[in-house]
Amino acid sequence: MTESCSNFAPESGVVTATNAAGDQPVCVTLSPLASALYGQRSQCELDGLADIRIEDEIERRGTRGTMMLVGPPCPGGPCSVGVELGLDVDDVKFDTFFAEANFVQLSTVGQSAAGRSLSLNAAGEGTLPPGYIDASNHGMRLPEDDDEDPVTLAYTQRNTSTFPVTVDWSSNACSIDGSLSVASAGFEVSFVDIVTGTIMNQPPTANAGTDQLDVECNVAGGGARILLDGTNSSDPDGNGDLASIRWFGGSRSGPEVGYALKAVVSQTGLGTNGNWVLRVVDGGGQSDEDTVTARVVDSTAPTVLCNTPATITPPDAEHPAVFTATASDVCAGTLTPTLANPTCYYLNKAGKRVIRDECAVTIAGATVTISNSGGVGDFISWTASASDGNGNSDAETCTVRVVRRQ
Numbered sequence: 002m003t004e005s006c007s008n009f010a011p012e013s014g015v016v017t018a019t020n021a022a023g024d025q026p027v028c029v030t031l032s033p034l035a036s037a038l039y040g041q042r043s044q045c046e047l048d049g050l051a052d053i054r055i056e057d058e059i060e061r062r063g064t065r066g067t068m069m070l071v072g073p074p075c076p077g078g079p080c081s082v083g084v085e086l087g088l089d090v091d092d093v094k095f096d097t098f099f100a101e102a103n104f105v106q107l108s109t110v111g112q113s114a115a116g117r118s119l120s121l122n123a124a125g126e127g128t129l130p131p132g133y134i135d136a137s138n139h140g141m142r143l144p145e146d147d148d149e150d151p152v153t154l155a156y157t158q159r160n161t162s163t164f165p166v167t168v169d170w171s172s173n174a175c176s177i178d179g180s181l182s183v184a185s186a187g188f189e190v191s192f193v194d195i196v197t198g199t200i201m202n203q204p205p206t207a208n209a210g211t212d213q214l215d216v217e218c219n220v221a222g223g224g225a226r227i228l229l230d231g232t233n234s235s236d237p238d239g240n241g242d243l244a245s246i247r248w249f250g251g252s253r254s255g256p257e258v259g260y261a262l263k264a265v266v267s268q269t270g271l272g273t274n275g276n277w278v279l280r281v282v283d284g285g286g287q288s289d290e291d292t293v294t295a296r297v298v299d300s301t302a303p304t305v306l307c308n309t310p311a312t313i314t315p316p317d318a319e320h321p322a323v324f325t326a327t328a329s330d331v332c333a334g335t336l337t338p339t340l341a342n343p344t345c346y347y348l349n350k351a352g353k354r355v356i357r358d359e360c361a362v363t364i365a366g367a368t369v370t371i372s373n374s375g376g377v378g379d380f381i382s383w384t385a386s387a388s389d390g391n392g393n394s395d396a397e398t399c400t401v402r403v404v405r406r407q
């Protein structure tokens, strides 16, 4: 039995549910068993045989159904999962007492059973204790007198014996074994050997990558373009089964910012954490989410440029040499450098610096003006520095040499 839907929330399993704000509806066809569950589910389709006994008559019929395992798969390790089990046994007709006996929704167990779950060991083996499974048997008793109407019978009883379950996640296999009976009117249903099945769909695993807590600021104004990498996300049924991939900013209810396993996003603010949520949905409507945290930092110093040539010719008051330093920072943008310590000197024969006093150098803001350079062969130097306001600074020594005019 299936249901159609116009809007389906894969993470809740509820048909016609309202998804989170901004979420595109995902419509899939699932059995009522799946619709009743919440959380990640692995769907196992069962097929086998059952012996149906009514008083002294026994018929063997096929049985099939679905076992939903609620919770993340746990190959190689113990875990607890919720179980929803639904089996239908093929109709059977008896010559006496019952013209027809239908066993519909033979067994059902899930989180609704007092909230209990199935504990699986490392081998994937577990046992449902008595009282977990509802056995519902339906039949019709033919009247002995033609003037009487047939009597419809329906009985429900929970299992009175343990019910083994085995799950092999790696090989996509599952099985059940056991006996169910309804004592009234002599109903009894026993599974022949083991009813085996194939896990048709396992939920995906979202992996948003490791936290990025040292993303260097690369956008003027104090932000960064960040690469989100969810390529380590996987699906046991094959990554081609990922039908929907979405990144959300801040939380699951935040804005959608990407639709591929890799996405580039913008984050503002220095030194604060930003969360990015990856949500993947597979072709069976199963989903998973993972969150990565990013922090933008600024540890890069500004770049200071003197903007001076290596040499100048002697200037004069009417035609001074004027140079303006500039500074820029990848995070802070354009900065105004500070100039200081103008010095005029020459090197003697021993290579030692000798200060000259006759140079005329003035500083105004980021501009230096040289109206008297002293003699040919002199050097004029000053410092240019800048800070980005985030504790990073740079300083350059600007130097020009005075040469003879050609």
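When we follow this note's numbering, the leftmost residue of the sequence shown carries the number 2, and every step to the right adds one. Virtual Cβ for every residue (Gly too), placed ideally from N, Cα, C.
Original post:
Can you tell which of A333, F380 and E217 has the C-alpha that lies nearest to the C-alpha of K353?
Top reply: Here residue 353 refers to the residue found at position 352 of the sequence shown. The shortest Cα separation from K353 among A333, F380 and E217 belongs to F380.
Original post:
Is G390 closer than 8 Å to A333 when the C-beta atoms are compared?
Top reply: Residue numbering aside, residue 333 sits at position 332 when the sequence shown is read from its first letter. Residue numbering aside, residue 390 sits at position 389 when the sequence shown is read from its first letter. Yes; because the gap between Cβ atoms is below 8 Å, this pair is in contact.
Original post:
Would you call the region 280 to 295 and the region 210 to 219 in contact, with 3 or more CB pairs under 8 Å?
Top reply: At 8 Å Cβ cutoff, the stretches touch.
**OP:** Quickly, what does DSSP pair G224 with across the bridge? List them, please.
**Re:** Sequence index remark: in the sequence shown, residue 224 carries index 223 (1-based). For G224, which the question treats as bridged, DSSP gives the partners V220 and T269.
Original post:
Using 8 Å as the Cβ pair cut-off and three pairs as the minimum, do the region 310 to 321 and the region 369 to 376 touch?
Top reply: Yes, since at least three Cβ pairs between the region 310 to 321 and the region 369 to 376 fall closer than 8 Å, the two stretches touch.
Original post:
DSSP state of G127, grouped into three classes?
Top reply: Here residue 127 corresponds to residue number 126 of the sequence shown, with the count starting at 1. DSSP places G127 in the strand class (E or B) of the three-state scheme.
Original post:
Touch check for the region 196 to 208 and the region 305 to 319: three-plus C-beta pairs under 8 Å?
Top reply: The region 305 to 319 and the region 196 to 208 do not touch, with fewer than three beta-carbon pairs separated by less than 8 Å.
Subject >> Buried/exposed call for D236, threshold 16 Cβ in 10 Å >> reply: Residue 236 sits at position 235 when you count from the first residue of the sequence shown. Buried, by the Cβ-count rule.
**OP:** Could you please give the first and the last residue of the uninterrupted beta strand (DSSP E) stretch that includes R253?
**Re:** Position 252 of the sequence shown, counted from the start, is the residue given in the question as residue 253. Bounds of any beta strand (DSSP E) do not take in R253, whose DSSP letter is neither H nor E.
Original post:
Just checking my contact of L90 with R61 at CB under 8 Å: how many whole Å lie between their CB atoms?
Top reply: Along the sequence shown, one-based indexing puts residue 90 at 89. Along the sequence shown, one-based indexing puts residue 61 at 60. As written in the sequence, residue 90 is Val, which differs from the Leu given in the question. Rounded, the Cβ-Cβ distance is 10 Å, inconsistent with contact.
Original post:
For T384, which residues of its own chain have a beta-carbon under 8 Å away from its beta-carbon, when the five flanking residues on both sides are left out?
Top reply: The residue labelled residue 384 in the question sits at position 383 within the sequence shown. Within the same chain, T384 has close Cβ partners L340, A341, N342, A396, E397, T398 and C399.
Subject >> D242 - DSSP class collapsed to helix/strand/coil >> reply: Here residue 242 refers to the residue found at position 241 of the sequence shown. It is helical.
Original post:
Which whole-angstrom value is the C-beta distance of C457 and C175, which I expect to be below 8 Å?
Top reply: Residue 457 cannot be examined here, being either before or after the span of the chain that is shown, 2 to 407.
Original post:
Can you name, in chain order, every residue of its own chain whose Cβ lies under 8 Å from the Cβ of D358, other than the five neighbours on each side?
Top reply: Reading the sequence shown from its first residue, position 357 is the one you call residue 358. Within the same chain, Cβ atoms closer than 8 Å to the Cβ of D358 are found at C345, the five residues on either side in sequence being excluded.
**OP:** Could you give the DSSP three-state label for A209: helix, strand or coil?
**Re:** Counting from 1 along the sequence shown, the entry for residue 209 is found at position 208. Coil, per DSSP.
**OP:** Out of R226, T128, D242 and P76, point me to the one whose CA is closest to F164's CA.
**Re:** Counting from 1 along the sequence shown, the entry for residue 164 is found at position 163. The residue among R226, T128, D242 and P76 with its C-alpha nearest the C-alpha of F164 is T128.
Original post:
Do V258 and L228 come within 8 Å of each other at the CB atom, strictly closer than that value?
Top reply: In the sequence shown, residue 228 corresponds to position 227, counting from 1. In the sequence shown, residue 258 corresponds to position 257, counting from 1. Their beta carbons are not under 8 Å apart, which means L228 does not touch V258 by this criterion.
**OP:** Measure the alpha-carbon distance for S252 versus L279 and round it to whole angstroms.
**Re:** Position 251 of the sequence shown holds residue 252. Position 278 of the sequence shown holds residue 279. Approximately 9 Å, taken between the alpha carbons.
**OP:** From the DSSP output, read off the bridge partner residues of T325.
**Re:** Reading the sequence shown from its first residue, position 324 is the one you call residue 325. Here T325 is bridged, per DSSP, to T368.
Subject >> Where the beta strand (DSSP E) through E290 begins and ends >> reply: Residue mapping note: residue 290 aligns to position 289 of the sequence shown, counting from 1. Counting along the chain, the beta strand (DSSP E) containing E290 begins and ends at S288 to V298.
**OP:** Could you spell out where the beta strand (DSSP E) holding S382 opens and where it closes?
**Re:** Taking the first residue of the sequence shown as 1, we reach residue 382 at position 381. S382 -> beta strand (DSSP E) spans F380 to S388.
**OP:** Could you check if D238 is buried or exposed, using at least 16 other CB atoms within 10 Å of its CB as the buried criterion?
**Re:** Here the question's residue 238 lines up with position 237 in the sequence shown. By the C-beta density criterion, D238 is buried, having at least 16 other C-beta atoms within 10 angstroms.
**OP:** Report yes if the CB atom of V362 is closer than 8 Å to the CB atom of R405, and no otherwise.
**Re:** By 1-based counting over the sequence shown, the position of residue 362 is 361. By 1-based counting over the sequence shown, the position of residue 405 is 404. No, the Cβ-Cβ distance between V362 and R405 is not below 8 Å.
Original post:
By DSSP, does E397 sit in helix, in strand, or in coil?
Top reply: For this step, residue 397 is matched to residue 396 along the sequence shown. E397 falls in the strand class under three-state DSSP.
Original post:
When the Cα atoms are used, what is the spatial distance from V298 to S388?
Top reply: As a working mapping, residue 298 is identified with position 297 in the sequence shown. As a working mapping, residue 388 is identified with position 387 in the sequence shown. Going by the C-alpha atoms only, they are around 16 Å apart.
Subject >> Cβ neighbours of A221 in the same chain (closer than 6 Å, five flanking residues each side left out) >> reply: Locating residue 221 in the sequence shown gives position 220, counting from the first residue. Excluding five sequence positions before and after A221, the CB atoms of its chain that fall closer than 6 Å to its own CB belong to G334, given in chain order.
Original post:
Can you pull the DSSP bridge partners for S120?
Top reply: Locating residue 120 in the sequence shown gives position 119, where the first residue counts as 1. Paired residue(s): S81.
**OP:** Write down the C-beta distance between T409 and V401 rounded to the nearest angstrom, noting that I regard them as a contact closer than 8 Å.
**Re:** Absent from the model: residue 409. The displayed extent of the chain is 2 to 407, so no value can be given.
Original post:
What does DSSP give as the partner residues of P165 in its beta bridges?
Top reply: For the purposes of this step, residue 165 is taken as residue 164 along the sequence shown, with counting starting at 1. Per DSSP, T128.
**OP:** Quick one: give me the first and last residue of the beta strand (DSSP E) that W277 is part of.
**Re:** In the sequence shown, residue 277 corresponds to position 276, counting from 1. Start and end: N274 to D283.
Subject >> chain D contact for C218 (CB, 8 Å cutoff) >> reply: The chain labelled as chain D is not found in the depicted structure, where only one protein chain is given.
Original post:
Comparing alpha-carbon positions, which option in E217, N349 and G83 lies nearest L119?
Top reply: Indexing the sequence shown from 1 puts residue 119 at position 118. Ranking E217, N349 and G83 by Cα distance to L119 puts G83 first.
**OP:** Count the other CB atoms, across all protein chains shown, that sit within 10 Å of the CB of T67; report buried if there are 16 or more and exposed otherwise.
**Re:** Numbered from its first residue, the sequence shown carries residue 67 at position 66. T67 comes out buried.
**OP:** Find out if the Cβ-Cβ distance for the pair L50, L88 is shorter than 8 Å.
**Re:** Reading the sequence shown from its first residue, position 49 is the one you call residue 50. Reading the sequence shown from its first residue, position 87 is the one you call residue 88. No, they are not a contact pair.
Subject >> Nearest candidate by alpha-carbon position, reference S374, set C360, S386, G78 and T273 >> reply: As a first step, residue 374 must be located in the sequence shown, where it is residue number 373. Per the Cα distances, C360.
Original post:
Using the rule of at least 16 other Cβ atoms within 10 Å of the residue's Cβ for burial, across every protein chain shown, is Q407 buried or exposed?
Top reply: Residue 407 sits at position 406 when you count from the first residue of the sequence shown. By the 10 Å Cβ count, Q407 comes out exposed.
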